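K.L.:
Next up is a structure, given as structure tokens.
2 protein chains.
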Amino acid sequence: MRRTSRPRSERETASVYSVRDAALTLFARRGFHGTALSEIAEALQIRTPSLYNHMTSKQGLLAEIVTTTSHQVWEDYRHAVAEQSTIEDQIRAAVYVYALRHATHPREAMVVNRDIAALEEPTLSEVLELRRRHEHALRGLVEQGIDDGIFDRQPASLVSFAVLEMCVSIARWYRPDGEFAPEEIARQYGEFALRMARGDRTTSRPSGL
Amino acid sequence: MRRTSRPRSERETASVYSVRDAALTLFARRGFHGTALSEIAEALQIRTPSLYNHMTSKQGLLAEIVTTTSHQVWEDYRHAVAEQSTIEDQIRAAVYVYALRHATHPREAMVVNRDIAALEEPTLSEVLELRRRHEHALRGLVEQGIDDGIFDRQPASLVSFAVLEMCVSIARWYRPDGEFAPEEIARQYGEFALRMARGDRTTSRPSGL
DNA sequence: CCTACCGATCGGTAGG
DNA sequence: CCTACCGATCGGTAGG
Chain Z
1 MRRTSRPRSE
11 RETASVYSVR
21 DAALTLFARR
31 GFHGTALSEI
41 AEALQIRTPS
51 LYNHMTSKQG
61 LLAEIVTTTS
71 HQVWEDYRHA
81 VAEQSTIEDQ
91 IRAAVYVYAL
101 RHATHPREAM
111 VVNRDIAALE
121 EPTLSEVLEL
131 RRRHEHALRG
141 LVEQGIDDGI
151 FDRQPASLVS
161 FAVLEMCVSI
171 ARWYRPDGEF
181 APEEIARQYG
191 EFALRMARGD
201 RTTSRPSGL
Chain C
1 MRRTSRPRSE
11 RETASVYSVR
21 DAALTLFARR
31 GFHGTALSEI
41 AEALQIRTPS
51 LYNHMTSKQG
61 LLAEIVTTTS
71 HQVWEDYRHA
81 VAEQSTIEDQ
91 IRAAVYVYAL
101 RHATHPREAM
111 VVNRDIAALE
121 EPTLSEVLEL
131 RRRHEHALRG
141 LVEQGIDDGI
151 FDRQPASLVS
161 FAVLEMCVSI
171 ARWYRPDGEF
181 APEEIARQYG
191 EFALRMARGD
201 RTTSRPSGL
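Each protein sequence line maps, in turn, to chains Z and C.
According to my numbering, the first sequence is numbered sequentially starting from 1.
According to my numbering, the second sequence is numbered sequentially starting from 1.
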């Protein structure tokens, strides 16, 4: 499955996938502007001009990585929330899938969160809109919980920002051979989110139940 | 006070401070590799070679920004914790000053957290060591609280990573003309941290008291 | 997939 | 603080 930095052998040639994969690794490590196309080519053991058989431009490579990931994040969210019925379960699920993605796709997460400013229009606006939608949706859940009386009265935007960004940071320190499995981390972060939202309340459901 | 992007006038000339300040603004916006020295010079309305009267190199500019900030973060932490006597108050204070710094110095925070990989040795190792020390110190407080029975039994490293990174993210969205003052944000994040550490326990002190 | 090559721009230096 | 200039490297194209 993993073709990253595997040197080509026999008649195997570079592909759209392998170029994207090598770019992902290098963009994540050095940043978009810190990565030269010659480095991507070198990782694939081909010459720089040959890359253009598998991509349109360096910018196009970035756009593809960021837009694909951003759309997946939004789809993750929609599906996770749709399967739950209570606000608490929806938030737990939304944070779970978001945290999980950052542990299982740390390279994509690094690039999305560091190199968005390097995107050109109209891709930049498209991505910012998807992120805004995601953040507002989570914030809406927190606001709903506050209105329902199950969460503390507090600025919902601070909760949603803090929750999303603590998930993003997983990509900075997660290692596949580390102490925790992605699912453990995701579960724990789901709990963190609920604790932050609940505030000084107890774990139990609102007084009516 | 604020000299950023103020054009020079009369006999006023560029200074070490103004070069550092212009670099800070541009590094924060476009990243270290995404910023050209010619852009810094343009912001100061001088020619690129003239920058070298006020700096040693582009790399030196980055090193100065990152090391100064990293040392200040560690000093903030030491002073904040030294003034408190309980674990809860120490964590609250440590998170308060860290969050506050990210709201009051968003440019420094952006650069430190995005362009560390662009540092050369030995600066890179020095900065990583300071950050490691900070993270381990906060983690130690969480572990102490767990041992004392005031916090949930849980992986202390997940708590400390999540807390620190949610503070870092303040630099991404904070705007001086926004809804919340830095002190309000910092206070709220201090509470978030304690809620995460406490887990399903109530706010009250351990059973003994 | 390659070699050969393009103009542009990079960080930085010489010398005043 | 400037002009003039350096070698290196950038993303990308021509043409096969």
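Here a beta-carbon is modelled for each residue, glycine too, at the ideal position from N, C-alpha and C.
Remember, it's a predicted structure, so these values are computed and weren't measured experimentally.
Determine, for residue 165 of chain Z, whether the minimum Cβ-Cβ distance to residues of chain C falls below 8 angstroms.
P.N.:
Output row for residue 165 of chain Z: interface = yes.
K.L.:
List the endpoints of the continuous alpha helix (DSSP H) containing residue 113 of chain C.
P.N.:
Here the alpha helix (DSSP H) through residue 113 of chain C covers 106 to 114.
K.L.:
In the DSSP assignment, find the alpha helix (DSSP H) that holds residue 181 of chain Z and state where it starts and stops.
P.N.:
Looking at the DSSP string, residue 181 of chain Z is not in any alpha helix (DSSP H), and its letter there is neither H nor E.
K.L.:
Going along the chain, which residues of the stretch 113 to 127 of chain C sit with their C-beta nearer than 9 angstroms to a C-beta in chain Z?
P.N.:
Against chain Z - using a Cβ distance shorter than 9 angstroms - the residues of the stretch 113 to 127 of chain C are 113, 114, 115, 117 and 118.
K.L.:
Can you find a C-beta in chain C that's less than 8 angstroms from the C-beta of residue 180 of chain Z?
P.N.:
For residue 180 of chain Z, the answer is yes, since a Cβ of chain C falls inside 8 angstroms of its Cβ.
K.L.:
Does the CB of residue 4 of chain Z have a neighbour CB from chain C at under 8 angstroms?
P.N.:
Model confidence at residue 4 of chain Z stands at a pLDDT of 40, short of 50, so the residue's coordinates are unreliable and nothing is read from them.
K.L.:
Applying a beta-carbon distance threshold of less than 7 angstroms, which residues of chain Z neighbour residue 161 of chain C?
P.N.:
Those are 169 and 173, listed as they occur along chain Z.
K.L.:
Would you mind telling me which residues of chain C sit closer than 8 angstroms to residue 211 of chain Z, beta carbon to beta carbon, in chain order?
P.N.:
The requested residue 211 of chain Z is not part of the displayed model; chain Z covers only 1 to 209.
K.L.:
So, helix, strand or coil for residue 38 of chain C, using DSSP?
P.N.:
Correct three-state label for residue 38 of chain C: helix.
K.L.:
For the pair the stretch 165 to 176 of chain Z and the stretch 69 to 81 of chain Z, tell me if three or more CB-CB distances fall below 8 angstroms.
P.N.:
The stretch 165 to 176 of chain Z, when compared against the stretch 69 to 81 of chain Z, does not touch it at the 8 angstroms Cβ threshold.
K.L.:
Looking at the structure shown, is residue 76 of chain Z part of a helix, part of a strand, or coil, going by DSSP?
P.N.:
Looking at residue 76 of chain Z - three-state DSSP - the assignment turns out to be helix.
K.L.:
Quick one: measure Cβ to Cβ for residue 189 of chain C and residue 156 of chain Z, integer angstroms, because I've assumed they're closer than 8 angstroms.
P.N.:
With a Cβ gap of about 15 angstroms, residue 189 of chain C and residue 156 of chain Z do not count as contacting.
K.L.:
List, in order along the chain, the chain C residues whose C-beta lies closer than 8 angstroms to that of residue 185 of chain Z?
P.N.:
Near residue 185 of chain Z (Cβ distances below 8 angstroms), the residues of chain C are 158.
K.L.:
Helix, strand or coil for residue 155 of chain C, going by three-state DSSP, please let me know.
P.N.:
If DSSP states are grouped into helix, strand and coil, residue 155 of chain C belongs with coil.
K.L.:
Work out the CA separation of residue 115 of chain C and residue 125 of chain C for me, nearest whole Å.
P.N.:
Taking the straight line joining both Cα atoms gives about 14 angstroms.
K.L.:
DSSP three-state label for residue 65 of chain Z, please.
P.N.:
If DSSP states are grouped into helix, strand and coil, residue 65 of chain Z belongs with the helices.
K.L.:
Which term fits residue 53 of chain C, buried or exposed, when burial requires 16 or more other beta carbons within 10 angstroms of its beta carbon?
P.N.:
Exposed.
K.L.:
Compare the C-beta of residue 192 of chain Z with all C-beta atoms of chain C and state if any pair is closer than 8 angstroms.
P.N.:
Output row for residue 192 of chain Z: interface = yes.
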